[in-house]
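J.: There's a structure below that I have some questions on.
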Amino acid sequence: MNVGRVTRRMLAVVALGVGAVGSTVTLAAENEQFFPMIGWRTGPLTPLGVNLAGGWIDYMDLLNKRDGGINGVKLTWEECETAYKVDRGVECYERLKKGGPTGASAFNPISTQVTYALLDRTNTDHIPIVTIGSGRTDATDGRIFPYIFPLGTNYLSTNTVKIKFIGSKEGGMDKLKGKKIVNLHMDSAAGKETIPILEAQAKKYGFELTNIAVPMPGSEQQAAWLEIRRLKPDWVILREWGVAPAVALKTAEKVGFPANRIVAVPFAGSEDDLTAAGDAAKGVYVVHPMPPGEFPVTQEIKKYLYSGGKRGNLDDVTRMGTVFYNMGLTYGVINTEAVRVAQQKFGKKPLTGEQVKWGLEHLNLDEKRLKELGVWGLVQPIKSSCADHEGGGSAKVFQWDGTKLVPVSDWIAGDKSLTRPLVEESSTKYAKEKGITPRDCSKEG
Amino acid sequence: MFYREASQYKTSYGADQQIFPILQDRMGFLALMAIVFVVVPILGNDYWFNGLLIPFLILALATLGLNILTGFAGQISLGSAGFMGVGAFAAYNFVLRVDGLPILASFVLGALCAAVIGVLFGLACLRIKDFYLIVATLGSQFFIEWALTKFGWLTNYSSSGVITAQKIVILGVTFDTPLRRYLLVLGVVTVMALAAKNMMRGAFGRSCMAVRDMDVAAAVIGIRIFRVKLVAFAVSSFYCGMAGALWAFAYVGTVDPEAFGLERSLQILFMAIIGGLGSVMGSFLGAAFIMLLPIVMNLIGSTVSGQAIDTSVVAHVEQIVYGVLIIWLLVVEPGGLVRLWQVGKEKLRLWPFPR
Amino acid sequence: MTFFIEVLVAGLLAGVMYSLVALGFVLIYKASGVFNFAQGAMVLFAALSFVNFHAWGAPFWLALVLAMGVMVVLALLVERLVLRPLANQPAMSLFMATIGLTIVIEGVGQLIFGSKTHRLDLGIKDVPIEMLGVGISKFDLFAAAVAGSLVLALVLFFNRTATGRALRAVADDHQAAMSIGIPLTRMWRYVWALSGGVALIAGLLWGSRLGVQFGLVVVALKALPVLILGGFTSIAGAIVGGLIIGAAEKLAEVYLGGVIGGGIENWFPYVLAMLFLIARPNGLFGERRIERV
Numbered sequence: 001m002n003v004g005r006v007t008r009r010m011l012a013v014v015a016l017g018v019g020a021v022g023s024t025v026t027l028a029a030e031n032e033q034f035f036p037m038i039g040w041r042t043g044p045l046t047p048l049g050v051n052l053a054g055g056w057i058d059y060m061d062l063l064n065k066r067d068g069g070i071n072g073v074k075l076t077w078e079e080c081e082t083a084y085k086v087d088r089g090v091e092c093y094e095r096l097k098k099g100g101p102t103g104a105s106a107f108n109p110i111s112t113q114v115t116y117a118l119l120d121r122t123n124t125d126h127i128p129i130v131t132i133g134s135g136r137t138d139a140t141d142g143r144i145f146p147y148i149f150p151l152g153t154n155y156l157s158t159n160t161v162k163i164k165f166i167g168s169k170e171g172g173m174d175k176l177k178g179k180k181i182v183n184l185h186m187d188s189a190a191g192k193e194t195i196p197i198l199e200a201q202a203k204k205y206g207f208e209l210t211n212i213a214v215p216m217p218g219s220e221q222q223a224a225w226l227e228i229r230r231l232k233p234d235w236v237i238l239r240e241w242g243v244a245p246a247v248a249l250k251t252a253e254k255v256g257f258p259a260n261r262i263v264a265v266p267f268a269g270s271e272d273d274l275t276a277a278g279d280a281a282k283g284v285y286v287v288h289p290m291p292p293g294e295f296p297v298t299q300e301i302k303k304y305l306y307s308g309g310k311r312g313n314l315d316d317v318t319r320m321g322t323v324f325y326n327m328g329l330t331y332g333v334i335n336t337e338a339v340r341v342a343q344q345k346f347g348k349k350p351l352t353g354e355q356v357k358w359g360l361e362h363l364n365l366d367e368k369r370l371k372e373l374g375v376w377g378l379v380q381p382i383k384s385s386c387a388d389h390e391g392g393g394s395a396k397v398f399q400w401d402g403t404k405l406v407p408v409s410d411w412i413a414g415d416k417s418l419t420r421p422l423v424e425e426s427s428t429k430y431a432k433e434k435g436i437t438p439r440d441c442s443k444e445g
Numbered sequence: 001m002f003y004r005e006a007s008q009y010k011t012s013y014g015a016d017q018q019i020f021p022i023l024q025d026r027m028g029f030l031a032l033m034a035i036v037f038v039v040v041p042i043l044g045n046d047y048w049f050n051g052l053l054i055p056f057l058i059l060a061l062a063t064l065g066l067n068i069l070t071g072f073a074g075q076i077s078l079g080s081a082g083f084m085g086v087g088a089f090a091a092y093n094f095v096l097r098v099d100g101l102p103i104l105a106s107f108v109l110g111a112l113c114a115a116v117i118g119v120l121f122g123l124a125c126l127r128i129k130d131f132y133l134i135v136a137t138l139g140s141q142f143f144i145e146w147a148l149t150k151f152g153w154l155t156n157y158s159s160s161g162v163i164t165a166q167k168i169v170i171l172g173v174t175f176d177t178p179l180r181r182y183l184l185v186l187g188v189v190t191v192m193a194l195a196a197k198n199m200m201r202g203a204f205g206r207s208c209m210a211v212r213d214m215d216v217a218a219a220v221i222g223i224r225i226f227r228v229k230l231v232a233f234a235v236s237s238f239y240c241g242m243a244g245a246l247w248a249f250a251y252v253g254t255v256d257p258e259a260f261g262l263e264r265s266l267q268i269l270f271m272a273i274i275g276g277l278g279s280v281m282g283s284f285l286g287a288a289f290i291m292l293l294p295i296v297m298n299l300i301g302s303t304v305s306g307q308a309i310d311t312s313v314v315a316h317v318e319q320i321v322y323g324v325l326i327i328w329l330l331v332v333e334p335g336g337l338v339r340l341w342q343v344g345k346e347k348l349r350l351w352p353f354p355r
Numbered sequence: 001m002t003f004f005i006e007v008l009v010a011g012l013l014a015g016v017m018y019s020l021v022a023l024g025f026v027l028i029y030k031a032s033g034v035f036n037f038a039q040g041a042m043v044l045f046a047a048l049s050f051v052n053f054h055a056w057g058a059p060f061w062l063a064l065v066l067a068m069g070v071m072v073v074l075a076l077l078v079e080r081l082v083l084r085p086l087a088n089q090p091a092m093s094l095f096m097a098t099i100g101l102t103i104v105i106e107g108v109g110q111l112i113f114g115s116k117t118h119r120l121d122l123g124i125k126d127v128p129i130e131m132l133g134v135g136i137s138k139f140d141l142f143a144a145a146v147a148g149s150l151v152l153a154l155v156l157f158f159n160r161t162a163t164g165r166a167l168r169a170v171a172d173d174h175q176a177a178m179s180i181g182i183p184l185t186r187m188w189r190y191v192w193a194l195s196g197g198v199a200l201i202a203g204l205l206w207g208s209r210l211g212v213q214f215g216l217v218v219v220a221l222k223a224l225p226v227l228i229l230g231g232f233t234s235i236a237g238a239i240v241g242g243l244i245i246g247a248a249e250k251l252a253e254v255y256l257g258g259v260i261g262g263g264i265e266n267w268f269p270y271v272l273a274m275l276f277l278i279a280r281p282n283g284l285f286g287e288r289r290i291e292r293v
């Protein structure tokens with residue numbers, strides 16, 4: 001934040017006014033792959049919306065400027081402001097689904113609520129929905145949710161990573177026996193989602209689990225933390241978002257609970273949340289399936305987009321390498337790689353949503369490919385299939401040192417033997433309620 | 001001149017008591033019905049139905065519900081979304097647990113559940129008045145949200161805490177396309193709006209207004225004010241409950257309790273106020289203003305700016321203009337959009353003479 | 001027992017934080033009969049201006065003065081552009097206008113100051129100190145002291161100064177106040193500026209706990225049951241209401257939450273306030289209404 005930026009914003013406002021007079025509509029060229037970007041730049045979750053879009057657009061811009069798109073097919077995109085509201089998200093979806101020469105490639109709603117609203121529409125529109133790091137967990141079962149892709153690591157896998165990390169800190173998973181773990185979660189549907197997997201793990205490893213609910217929006221958590229102090233748990237899992245994580249960490253400090261005994265979920269552990277908590281956040285652990293930090297691709301973006309007076313999509317260049325920006329990069333990598341994979345099958349031309357869906361289902365991002373892309377370490381190896389729409393399932397653990405997130409582990413793989421049964425139980429129930437016959441993955445090409 | 005009721009003589013009680021006693025209103029209403037039931041389905045596409053019209057109609061129905069309570073009966077409420085949630089979750093459970101129950105019947109039953117809950121919390125109005133009554137409805141809002149999240153039975157123990165609306169099948173017709181869903185929602189909303197208009201002209205509506213304007217005076221002239229208030233709570237919650245059921249079944253398909261949070265309640269209240277309290281038509285105008293205006297501005301913003309300008313700035317400017325428009329509209333016409341409409345009618349009546 | 005006292009004290013101190021926001025509402029409602037929905041946005045805007053002035057190099061006190069200046073300008077604009085044209089209009093329309101105002105303030109705030117979360121450090125650590133075996137946060141004590149002095153200052157202002165008395169007259173009866181020569185519009189400007197000042201203080205205290213971010217607007221929600229319990233027009237009510245709500249919701253969460261399930265903090269205060277209002281329909285300190293036909 002500086003005065004220069006304010007001036008630039010002011011200039012942009014003036015330019016907007018001028019632009020209103022002399023704008024022309026550009027016609028879509030034929031050889032383009034269109035990405036709808038429904039997100040937000042206003043409202044309570046602005047830092048997430050702005051930086052995620054920044055990373056994603058910068059990555060696509062890099063491919064255009066450096067490689068001329070994907071195999072000669074240029075990438076285009078259009079933003080649509082949802083203000084994090086369901087009805088506006090649906091409106092944006094309907095507005096953009098036919099954009100570009102072949103329609104939308106894939107939607108990435110980011111918001112779980114919007115994902116729910118789009119669930120039924122995908123089957124008729126044949127456009128895949130990619131929900132990296134958010135959305136409906138049981139959609140991992142691609143037999144029942146053919147168009148939904150919670151790629152990377154879903155909530156349940158992230159949760160098993162946390163327990164594994166706690167185990168390693170205690171000196172082995174067998175040491176978890178008799179330990180007390182508190183799951184401090186938001187009192188909402190999404191907040192409660194990890195309770196079954198935690199119960200399964202408590203049974204397996206023999207730790208004692210207490211679930212404590214924090215009412216939305218979590219601006220006051222004194223009661224919960226006094227309870228925690230009374231229980232004296234060994235670890236607290238912090239499953240909160242919005243204003244709540246900062247309050248939680250501050251309150252933990254207030255009741256004297258050490259921060260380095262707290263493991264936070266990705267959405268509680270961005271630089272914004274941790275900065276807001278000030279010194280109270282020092283030492284807290286965060287699990288990130290899309291880790292922060294700078295990677296070769298970041299240097300490329302700086303070279304092609306942010307040098308010589310040019311600027312990319314990001315307003316505030318210091319946000320490069322932050323959690324949300326890297327989340328955006330990951331969105332960019334996965335979406336464009338799906339297009340690339342699909343091009344191998346369907347030809348080097350703009351593809352439809354149905355074809356991109358095939359690509360999403362046949363992703364094989366191994367170490368070699370990720371190193372070529374310059375994202376090794378940022379994006380985990382992902383191998384998706386018809387039945388498995390998650391593909392990865394790993395995460396890294398970071399510790400906040402007061403100013404930045406410091407990695408304290410390599411990729412830790414989640415426990416699929418625990419998560420998959422829960423996913424299938426839930427998706428089977430969904431299929432039964434909706435009368436869906438699961439597709440037979442052995443017959444899919 | 002264009003809107004003149006002179007020389008329209010009523011020769012029977014029936015003619016005098018119809019919902020639209022003025023010829024021009026009747027014609028206008030029929031024309032509107034022809035447009036929304038015939039022209040729009042022919043010309044419209046998925047974007048119009050799914051993106052704009054279905055949510056608009058459902059929110060207008062909820063606004064109408066709130067308007068019956070707040071606009072006609074004068075009892076302020078911030079719990080509309082909670083009652084929507086009751087309607088949606090109850091309808092889902094009726095379809096799930098009662099075999100062979102027609103879907104419309106389960107909507108109605110869901111809405112009735114909302115009405116019962118509405119009356120329960122409405123009991124507070126026996127003692128509490130004015131702004132203080134917010135406490136009861138806000139309490140119901142948070143309580144319902146909590147209960148819907150808390151009790152797994154309500155979501156059939158879904159691991160994500162969501163309900164997935166079942167298919168809508170009425171008399172063998174599956175309402176799966178956007179057009180069919182639009183027609184279903186439109187049908188329900190039309191019937192309920194006409195019912196509301198009729199109700200508000202009758203004895204109940206008039207007692208509501210008497211209670212709103214001054215309840216002590218209403219009691220003095222023999223209106224049983226508590227009964228009126230409670231019935232208003234019931235009717236209002238019924239409308240909201242129906243809107244909630246439609247929201248889940250005809251619009252989003254999968255919902256969790258968060259979808260019926262306080263923010264939605266506030267949005268509905270804004271719609272009622274900006275449209276004009278105490279008017280059926282105002283509910284529709286208000287819903288259009290609050291829901292569609294940001295979208296229209298976003299469309300303008302994105303066409304005007306292209307990719308050249310910082311999109312964050314565009315988003316913020318849109319927001320500011322939207323807020324300024326709300327204030328400006330209230331300064332011009334504090335009575336809401338429906339007052340503008342009435343002023344317009346007045347002008348048409350006297351045209352070409354100035355008023 | 002110690003645990004009970006700890007929860008109680010924590011609740012009381014949390015209640016003080018709610019009262020700070022509620023005070024801003026009360027001031028405006030008292031003098032102009034407007035239910036100011038924009039109070040939460042004002043808290044955010046005040047805190048945002050302060051941290052940004054501070055970040056641009058202004059020392060603490062200067063940043064405070066500048067932020068106060070911003071709030072005064074805002075008050076002047078609100079009075080001129082919103083209140084004056086809407087004078088004597090139904091309360092609902094004014095309420096709605098403050099919602100428009102909320103949207104504008106949020107938009108302008110983000111446009112000028114960006115969306116980054118800012119850290120705000122008042123130099124008082126939020127760590128427990130032991131008092132008779134009960135841990136109490138230093139920061140909470142500081143907040144309570146601030147709130148206490150604020151209320152004292154406001155009470156003195158309303159009772160001992162000419163402007164304060166004029167404001168009370170306006171609150172009692174607009175027309176009567178005007179007829180004895182009290183300039184209504186100027187009084188509105190004063191009271192909005194005053195409430196902007198309260199918003200600044202609330203913004204600093206809440207902001208140092210939550211971080212100065214957009215989410216600050218949600219703290220306004222917590223003020224609602226306080227207002228209702230204390231009465232919309234009473235400064236003392238805002239404080240006492242806050243204490244009751246804070247203590248009750250914490251005790252309920254800890255002791256009742258175990259029985260009927262956690263997370264009841266959100267609705268419990270309302271049910272409590274509702275039961276209370278059924279006994280006393282005008283709030284704790286609300287003025288008794290006499291209705292005539």
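Protein chains in written order, with our numbering: chain X, 1 to 445; chain L, 1 to 355; chain V, 1 to 293. Virtual Cβ for every residue (Gly too), placed ideally from N, Cα, C. These numbers were taken from a predicted model, which means no experiment stands behind them.
1) Is the CB of V/T117 under 8 angstroms away from at least one CB in chain X?
2) Against chain V, does X/V21 count as a neighbour if the rule is that its beta carbon must be under 8 angstroms from one of theirs?
3) Enumerate in chain order the residues of its own chain whose CB-to-CB distance from L/V288 is below 7 angstroms, with the five nearest sequence positions on each side excluded.
4) If you follow the beta strand (DSSP E) that L/R201 is in, where does it begin and where does it stop?
5) Measuring CA to CA, which of L/Q17, L/L101, L/L293 is closest to L/K167?
6) Excluding the 5 residues flanking X/M327 on each side, which residues of the same chain have their C-beta closer than 7 angstroms to its C-beta?
7) Spatial neighbours of L/L183 within its chain, please: CB distance less than 7 angstroms, with the 5 preceding and 5 following residues excluded, ordered by chain position.
8) Residues in the same chain with beta-carbon distance under 7 angstroms from L/V185, minus the five sequence neighbours each way, listed in chain order, please.
9) What whole-angstrom Cβ distance do V/G203 and L/I320 have, given they're in contact under 8 angstroms?
10) Listing by chain order, which chain L residues have their CB less than 7 angstroms from the CB of V/V82?
11) If we count the other Cβ atoms within 10 Å of its Cβ and call it buried at 16 or more, is X/V297 buried or exposed?
12) Work out the CA separation of X/L184 and X/E227 for me, nearest whole Å.
13) List the residues of chain L that X/S111 touches, going by C-beta distances under 8 angstroms, in chain order.
14) Residue ranges of each alpha helix (DSSP H) run of no fewer than 4 residues wholly in the segment 293-343 of chain L, ordered along the chain?
15) For the segment 20-39 of chain L and the segment 156-171 of chain L, state whether three or more C-beta atom pairs, one from each stretch, are separated by less than 8 angstroms.
16) Does the beta carbon of L/D256 sit closer than 8 angstroms to a beta carbon anywhere in chain X?
17) When the Cα atoms are used, what is the spatial distance from L/V188 to L/G65?
18) Out of curiosity, what's the CA-to-CA distance linking V/I244 and V/F276?
19) Let's test the definition: count the other Cβ atoms within 10 Å of the Cβ of V/F3 and tell me whether it reaches 16, buried, or not, exposed.
20) I'd like to know whether the C-beta atoms of L/G71 and L/S279 end up nearer to each other than 8 angstroms.
21) Select from the segment 217-228 of chain X all residues with a C-beta closer than 8 angstroms to any C-beta belonging to chain V, and list them in chain order.
22) Leaving out the 5 sequence neighbours to the left and right, which residues in its chain are closer than 6 angstroms to X/N31 when beta-carbon positions are compared?
23) Could you name the residues of the same chain whose beta carbon sits closer than 6 angstroms to that of X/A15, not counting the 5 residues immediately before and after it, in chain order?
T.: In this structure, then:
1) yes
2) Unreliable placement is indicated for X/V21, whose pLDDT of 38 sits below 50; no coordinate value is reported for it.
3) Note on identity: in this sequence residue 288 of chain L is Ala, with Val being the wrong assignment. Only F56 meet the Cβ criterion.
4) Taken as a continuous stretch (DSSP letters only), L/R201 belongs to no beta strand (DSSP E), being part of the alpha helix (DSSP H) at 178-201.
5) L/L101
6) L52, G55, G133, M290
7) P41
8) I54, L57, I58, L246, A250
9) With a Cβ gap of about 21 angstroms, V/G203 and L/I320 do not count as contacting.
10) I327
11) buried
12) 11 angstroms
13) Chain L residues near X/S111: none, gap ~11 angstroms exceeds 8 angstroms.
14) 293-305, 311-332
15) no
16) yes
17) 13 angstroms
18) 11 angstroms
19) exposed
20) yes
21) P217, S219, E220, Q222, A223, A224, L226, E227
22) V73
23) Summary for X/A15: the model assigns pLDDT 47, below 50, so the residue's position carries little reliability, and this model does not support an answer.
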